[in-house]
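Protein chains in written order, with this note's numbering: chain A, 18 to 209; chain B, 18 to 209; chain C, 18 to 209; chain D, 18 to 209.
Laid out in structure tokens, this is it:
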């Protein structure tokens, strides 16, 4: 039976609005995942990788470039993925950071699990959207000190100034209304 | 087929560790709910009702008294309940406040959905526990200005000073380790 | 000797960049105030008055209209004022809200004194500026449920949607770079 | 005329309740500092140094041991110091961390200047006290990854588990009621 990971890489990845699902082997079949998505909100973590000065001030912001399989568009996204059953929020955050940024990014996870923002995605038109599901993401700003080497479906990571990242041009490259979330995270960090 | 609401009132209510499940008609059967709980973390909201001085300082803290159907114990709990599919966090918070405190409590919901604390409950021994499931709760401190009339399974609401609420005696009356969460919320409010 | 209050109403009020100084009788003379401003950062509170739906969602945002005595311009500002020696942050916030919005605004002060944003104003060009001083303001989003009747030097209060308030046109009406702070507060409230 | 730095090292250091004043050359004389302290609240930063696991979870907490010059007691304290005129909060935080922990502590400053707690000290009996002044401190939890070598008046730094740090014994070793602030910071970090 097709496993969640397989389904997400080859099937659901075609969704234009995906939240950047993980491809670690899961225990739900495609059918079970679809079924669960119709029953309850799905819990996600999202992270905005940043480079900081020694004082903690954000100097640049990392956005992932991903190709959409349904359109010719390249989209920009945050680090993002689902919290699995039995997994701690910190562990989910670390897992998705490593998955999306590679093993040498050296992210510094926040000491508190209270997020910088809570993002609510709905499968119908709303401020934030995800056509697959109702998802609630705990979003964090995460300094990285090492070298980022995007893996899996991310083509590359681009580093922008906070002002560039907050521009309308970048917002229009992000799916599901995430440009708004990005600005919220930048404001949280006092970077605008 | 038995609906979730029915199941929770008459079946699962017997759980000593319950999170204060809602009894609004849901669309999951008992079996579907149990199935879902084994697949993904369940999203909850929790609220600590407080009375405040005009300056915002917390003067007293409301805890619900509930009888446990499995033991002879009376337990103390926060307002708590599940976020349903398609439901906003704000709406879930309001629904559970009204359900647990009655229609005349006049809660003042926070302007931000960033919670005061994030509580992670696991079905195995951990800091916070819920034997039924892996649950992640967004927890808020909510001032109420009206009269609270607990409904449903809550026997009554008792008002304590912040210091009384933070005592070991109260912590031992709370299930699943929630005494620790209660102290975290009181500290968040600067009430200790 | 001219008291602080007098000095601020008739003297310093002419500053185009003022933080909205209080006119309660203080104990510093003009000279002492100027001297102190050259020695240490001055502590302020600022508040964005908002109207909220029962769910806590921000529906409109109140900005004060003030005439500048040095220019022909009408500027828009937040509720703002200094924390006095021996005064609690909560009490300073309540005092300035009542001073700027009148006695029937019925503001609901936050339960936590941890601010939504920390604003640093410098007397030289920077993100936020105040030509009179180095000031650090703890900024809050404060729901009001009553009628606002601006007093003192504020001409009136205007209510805008969050989107209108976040516009470039409004930002250009605000002094010292506060348009950026306003957006930060709106994002904190999840209103954008 | 005796400069602030000199005064603080040899004069005010005798205060039992001091906030851990800096000894960098300042521009206020003893008299000017005392005068200013009687006029306005003084702005401070405080930091709780912590060691964290890769996931961000706090594993241990660093408290400074300082001898009191007025009593025979050894007291425990946080990193703490004044924000100077014209100095950014981030820079003040970095300066005091380096001053108290040495140059090889490698603190990771928070990306946001919104503090974990706001501490209000009054010169009269209150929850938090500082007999010298009314002080408002922005308090942060700061992970350190290097080696801490306390300098100046701090005898040493001791590392405790979060539970040990939250004990009544430790609280009674801290001056001005800071045991309460310490617990608030530990709860903020979800470490209790």
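All residues carry an ideal CB built from backbone N, CA and C; glycine is no exception.
For residue i, which of the options has the nearest alpha-carbon?
| i | options | result |
| --- | --- | --- |
| residue 181 of chain D | D/60, D/53, D/127 and D/76 | D/76 |
| residue 56 of chain B | A/71, A/70, A/103 and A/63 | A/103 |
| residue 173 of chain C | C/74, C/70 and C/80 | C/80 |
| residue 192 of chain D | D/73, D/147 and D/123 | D/147 |
| residue 198 of chain B | B/52, B/132 and B/178 | B/132 |
| residue 124 of chain B | C/106, C/135 and C/69 | C/69 |
| residue 84 of chain A | A/190, A/105 and A/121 | A/190 |
| residue 44 of chain A | B/44, B/142, B/52 and B/178 | B/52 |
| residue 178 of chain D | D/122, D/65 and D/114 | D/65 |
| residue 187 of chain A | A/47, A/120 and A/78 | A/78 |
Where residue i and residue j are concerned, what is the direct C-alpha to C-alpha distance, given to the nearest angstrom?
| i | j | result |
| --- | --- | --- |
| residue 204 of chain A | residue 89 of chain B | 51 Å |
| residue 184 of chain A | residue 209 of chain A | 11 Å |
| residue 165 of chain A | residue 128 of chain A | 22 Å |
| residue 157 of chain A | residue 95 of chain D | 26 Å |
| residue 202 of chain C | residue 71 of chain C | 20 Å |
| residue 59 of chain C | residue 63 of chain B | 38 Å |
| residue 176 of chain C | residue 195 of chain B | 41 Å |
| residue 130 of chain A | residue 112 of chain C | 34 Å |
| residue 54 of chain D | residue 149 of chain D | 8 Å |
| residue 200 of chain D | residue 107 of chain D | 23 Å |
| residue 163 of chain A | residue 116 of chain A | 15 Å |
| residue 206 of chain D | residue 91 of chain C | 44 Å |
| residue 105 of chain B | residue 61 of chain B | 11 Å |
| residue 118 of chain A | residue 114 of chain D | 30 Å |
| residue 142 of chain A | residue 122 of chain B | 33 Å |
| residue 120 of chain C | residue 120 of chain A | 58 Å |
| residue 49 of chain B | residue 47 of chain A | 17 Å |
| residue 134 of chain A | residue 73 of chain B | 23 Å |
Tell me, to the nearest whole angstrom, how far the beta carbon of residue i is from that of residue j; I am working on the premise that it is less than 8 Å.
| i | j | result |
| --- | --- | --- |
| residue 151 of chain A | residue 140 of chain A | 6 Å |
| residue 110 of chain A | residue 93 of chain A | Not quite, the Cβ-Cβ distance comes to about 20 Å (not below 8 Å), so this is no contact. |
Determine whether the beta carbon atoms of residue i and residue j lie at a separation below 8 Å.
| i | j | result |
| --- | --- | --- |
| residue 67 of chain A | residue 160 of chain A | yes |
| residue 171 of chain D | residue 97 of chain D | no |
| residue 126 of chain A | residue 137 of chain A | no |
Cβ of residue i less than 8 Å from any chain G Cβ?
| i | result |
| --- | --- |
| residue 135 of chain D | Reference to chain G is not applicable here, since the protein chains of this structure are A, B, C and D. |
Under 8 Å (Cβ pairs) to chain B, residues found in the stretch 77 to 103 of chain D
none
Proximal residues, the stretch 55 to 71 of chain C versus chain D, C-beta separation under 9 Å:
55, 56, 57, 58, 59 and 60
Under 7 Å (Cβ pairs) to chain D, residues found in the stretch 130 to 141 of chain A:
130
Residues in the stretch 190 to 209 of chain A with C-beta within 7 Å of chain D's C-beta atoms, listed in sequence order?
205, 206 and 207
Positions along the stretch 144 to 176 of chain C whose CB lies within less than 8 Å of some CB in chain D
151, 153 and 155
Of the residues that make up the stretch 108 to 127 of chain D, which ones have a beta carbon closer than 7 Å to any beta carbon in chain A?
108, 111, 125, 126 and 127
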